[in-house]
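Residue numbers (this note's numbering): 1129 to 1593. Quick notes on the structure that follows.
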């Protein structure tokens, strides 16, 4: 969430609004002369050809192997594959049809979900394996809610990540001009379908189906920067609880006040369950889908850390779901970010590592385990400089780097920028290459960097310096 310190990540992944504000501040620090212009351009979609070219990276470098935190002996959901799909079939994508489908391990580059055929294209990105720390954390949260709420909370961890734009944005009141809707920030399957940016995409549908207490866990996808705390796919958990007038009338307070108090009591208990006896504080904030809205912070390892975002659900969301007399609360947290704090994991890429030196450390299933670093292979730094155009965004650059280097790209950092007398702006980015499992050779690094330079020039239409 815009913080480079792995011990102090922002845990409010469920709430897009705060993340976008932090990303904007980060970009302004990196490029003060061009940040305002770039932020405005983020709201303008690239041409179809440019979007497809710049987003193709992650789809090329990763197989379609769906990870899930739900219980399966092989840790994989089911996939089925077929021939490429037509544009007309894409229009029929619906989470109603897809969410009950399971996944199989991939054997080709085209998948079929609920009869809908999806080619391996620019907007598809799925992780390779589930991680034990996330598994342990999810189960610990489940244990807290089962114990304290007598198993009232329904649990969903196999809902399909392919959702409609309406489900992902409109149903949770994300404004029409919000930057998170941009092709620079979200993986689109087609104009009306996306890989979910947050588990909130399922909230309205579950409410309409009559669920009043539920937890949703799943993999979510965002086009993002490359550093130790950001990855294009990660896992979230969202919780929702709906109250009836009879719940608060006897208290002598209004519904909003009663529900906000219940929310804080619940989440303070969850924080103690995960972190022990820690000092806590509540911070008022703004999210488009809750009012009032809060962030819970804990004092952990000598610093204040945001644990999650939450609030009282906007009445419009409940009204659209047929619950006009009810009041509800909702919270959300990013599992990787929280696990990095709990387990002292320094790099988010480790969650996708097959290295037994990492995975074997979490076989006990206990939250008290602290990651013991193993021998770290040296990084190699390479710079690339170019004159940018008006359509350039840093997220597009990161997609190109991921297409070439995959998880070997540890960080992409803007180290210099200037504008010449002709008004042309130059950016210089430093790319850190490092494998989590072996030493990279000079030959490998040079080949990666050469390919990055070629693709940056051809796909982003920039001029190399």
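Cβ coordinates follow ideal geometry from the N, Cα and C atoms, glycine included.
DSSP links residue 1365 through a beta bridge to 1345, 1461.
In this structure, residue 1446 lies near residue 1370, with their beta-carbon atoms less than 9 Å apart.
Following the DSSP letters along the chain, one finds residue 1377 inside the alpha helix (DSSP H) bounded by residues 1373-1377. Inter-segment contact for the region 1505-1524 and the region 1580-1589 is present: three or more beta-carbon pairs are separated by less than 8 Å.
Under the Cβ criterion (8 Å, minimum of three pairs), the region 1340-1350 does not count as touching the region 1417-1431.
Distance from the CA atom of residue 1485 to the CA atom of residue 1564, rounded to whole angstroms, is 11 Å. Excluding sequence positions up to five before and after residue 1322, its CB lies within less than 7 Å of the CB of 1291, 1293, 1296, 1314, 1315, 1316, all in the same chain and listed in chain order. For residue 1577, there is no enclosing beta strand (DSSP E); the residue is found in the alpha helix (DSSP H) stretching over 1570-1588. Sorting 1334, 1558, 1429 by C-alpha distance to the C-alpha of residue 1512 places 1558 at the top. Counting along the chain, residue 1480 sits inside no beta strand (DSSP E), nor does DSSP assign it H or E at all. Burial state of residue 1277 is exposed, judged by a 10 Å Cβ sphere holding fewer than 16 other Cβ atoms. The way I'd put it, the region 1301-1310 doesn't touch the region 1356-1372; fewer than three beta-carbon pairs between them come closer than 8 Å. Going by beta carbons, residue 1530 and residue 1269 fall outside the 9 Å limit. By the C-beta criterion, the region 1355-1365 is judged to be in contact with the region 1457-1477, since at least 3 inter-stretch pairs fall below 8 Å.
Residue 1438 and residue 1413 have their C-alpha atoms roughly 9 Å apart. A direct Cα-to-Cα measurement between residue 1343 and residue 1428 gives close to 26 Å.
Of the residues 1263, 1395, 1376, the one whose Cα lies closest to the Cα of residue 1404 is 1395. Here residue 1578 is exposed, its C-beta having fewer than 16 other C-beta atoms within 10 Å. Sixteen is the threshold: since fewer than 16 other Cβ atoms of the shown chains lie within 10 Å of the Cβ of residue 1543, the residue is exposed.
Looking only at 1466, 1465, 1383, the smallest Cα-Cα distance to residue 1442 is reached by 1383. Excluding residues up to 5 positions away in sequence, 1301 lie with their Cβ nearer than 8 Å to the Cβ of residue 1444 in the same chain. Counting along the chain, residue 1541 sits inside the beta strand (DSSP E) bounded by residues 1537-1547. Remark: C-beta atoms of residue 1493 and residue 1267 approach each other more closely than 9 Å. Non-local C-beta neighbours of residue 1573 in its own chain, meaning closer than 6 Å and more than five positions away in sequence, comprise 1508, 1561, ordered along the chain.
If you draw a straight line from the Cα of residue 1375 to the Cα of residue 1391, it comes to about 14 Å. Shown here for residue 1331: same chain residues with a beta carbon closer than 8 Å to its own, the five before and five after excluded, namely 1299, 1300, 1344, 1366, 1368, 1445, 1458 in chain order. When DSSP reads this structure, residue 1433 sits in a beta bridge with 1426. Looking only at 1450, 1431, 1425, 1536, the smallest Cα-Cα distance to residue 1340 is reached by 1450.
Secondary structure at residue 1404: coil, using DSSP grouped into helix, strand and coil. Exposed is the label assigned to residue 1432, since fewer than 16 other Cβ atoms lie within 10 Å of its Cβ. About 5 Å separates the beta carbon of residue 1426 from that of residue 1406, a gap short enough to meet the 8 Å contact definition. Setting aside the 5 residues that flank it on each side, residue 1548 is surrounded in the same chain by 1554, each with a C-beta closer than 8 Å to its C-beta; the list follows chain order.
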